[in-house]
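Participant: Encoded as structure tokens, here's the structure I'll be asking about.
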Amino acid sequence: MTLTIHILPARNPTEVDAMNIRLTSFACAMLLIPLWMCPALAKAQTPRQQAEQELTRKAPNAGLQACSLITRADVKNAAGRDPFVDAEPAGQGGWMCNIGISELKVYAGPKSWEAWESTLKSFKMDKEPQTPAPGFGERAYFLYPKPANKYQSNIAVLVTKSGNHTLVLSLDAPQGKPAESMRPALESLMKTILARLP
Numbered sequence: 116m117t118l119t120i121h122i123l124p125a126r127n128p129t130e131v132d133a134m135n136i137r138l139t140s141f142a143c144a145m146l147l148i149p150l151w152m153c154p155a156l157a158k159a160q161t162p163r164q165q166a167e168q169e170l171t172r173k174a175p176n177a178g179l180q181a182c183s184l185i186t187r188a189d190v191k192n193a194a195g196r197d198p199f200v201d202a203e204p205a206g207q208g209g210w211m212c213n214i215g216i217s218e219l220k221v222y223a224g225p226k227s228w229e230a231w232e233s234t235l236k237s238f239k240m241d242k243e244p245q246t247p248a249p250g251f252g253e254r255a256y257f258l259y260p261k262p263a264n265k266y267q268s269n270i271a272v273l274v275t276k277s278g279n280h281t282l283v284l285s286l287d288a289p290q291g292k293p294a295e296s297m298r299p300a301l302e303s304l305m306k307t308i309l310a311r312l313p
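For the sequence shown, the numbering used here gives the first residue as 116, with consecutive numbering after it.
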């Protein structure tokens, strides 16, 4: 970048000094702007970038398709409302299944729980309060993350472990309802999913 400065003749030395001070300040500001922008570029990933990275993660499901465990009818029966879309696999190997208002993630293997906890940390949700989920195993819990903004739904999450599988089921609450209101629907849906687990 080349900066050419033309100085016009001034009437007295005070005007020249004032103009030089302004030009020096401007030149310094132009040099500092890129430095001020560097921290913004080095910031942590945006939620969208984190989600995209999560989708490209190596399949943690050991070949088990998440959509083989849940259907649109299951979600409609449990939640009492139509998700308006059929089950759609996501992630490498189909380890996630999205059904509009619900999502199922399947982690498999001896370290499946640790893989889930890693996901929680990457989304900075590991400090969210966890409510025990009796009847779904010793480690099972509900999670009710706070929406990041007013446009996001209240979401309820049920996490449980069965054998070498860690299952993470989320359900959007209807507009104006608290996330906790989805607990009975999550419990019903998770029982259906666990019954289909090989």
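No residue lacks a Cβ here, since even glycine has one placed at the ideal position from N, Cα and C. Keep in mind it's a predicted model, so treat the numbers as computed, not measured.
(1) Rounded C-beta distance between F199 and G215? I'm assuming under 8 Å.
(2) I'd like to know whether the C-beta atoms of A263 and F257 end up nearer to each other than 7 Å.
(3) Since I214 is in the beta strand (DSSP E), which residue starts that stretch and which ends it?
(4) Which of the three DSSP states, helix, strand or coil, is assigned to P299?
(5) In whole angstroms, what is the alpha-carbon distance linking Y259 and S268?
(6) Between L309 and L284, which are expected to be in contact by the criterion C-beta below 8 Å, what is the C-beta distance as a whole number of angstroms?
(7) Under DSSP, the alpha helix (DSSP H) around V190 begins and ends at which residues?
(8) Would you mind reading off the limits of the beta strand (DSSP E) that contains S277?
(9) I need the DSSP call for Q207, collapsed to helix, strand or coil.
(10) Jot down the residue ranges of each uninterrupted beta strand (DSSP E) in the region 223-287, minimum 3 residues, whole runs only, in chain order.
(11) When DSSP labels each residue in this structure, what does L304 get in the three-state scheme?
(12) For Y222, count neighbouring C-beta atoms within 10 Å of its own C-beta (all shown protein chains included) and say buried if the count is 16 or more, exposed if not.
(13) Less than 8 Å between C-beta atoms, sequence neighbours within five positions excluded: which residues of the same chain meet that for G252?
(14) According to DSSP, is L184 helix, strand or coil?
(15) Report buried or exposed for K220, applying the criterion of at least 16 other Cβ atoms within 10 angstroms of its Cβ.
Facilitator: On the basis of the coordinates in this document:
(1) F199 to G215, Cβ: 5 Å. Contact.
(2) Going by C-beta atoms, A263 is not nearer than 7 Å to F257.
(3) Element bounds for I214: 211-214.
(4) DSSP places P299 in helix when its eight states are reduced to three.
(5) Each residue's Cα considered, the two are about 11 Å apart.
(6) Not confirmed; about 10 Å, so no contact.
(7) Looking at the DSSP string, the run of the alpha helix (DSSP H) that includes V190 is 187-194.
(8) Run containing S277: 270-277, per the beta strand (DSSP E) assignment.
(9) Correct three-state label for Q207: helix.
(10) Considered as a whole, the region 223-287 harbours 245-247, 256-258, 270-277, 280-287 as its complete beta strand (DSSP E) runs of no fewer than 3 residues, in chain order.
(11) In the structure shown, L304 sits in a helix (DSSP, three-state: H, G or I).
(12) Counting of Cβ neighbours within 10 angstroms places Y222 among the buried residues, the total reaching 16 or more.
(13) Taken in chain order, the residues that qualify are T275, K276, S277.
(14) Coil, per DSSP.
(15) The residue is buried, with at least 16 neighbouring Cβ atoms inside 10 Å.
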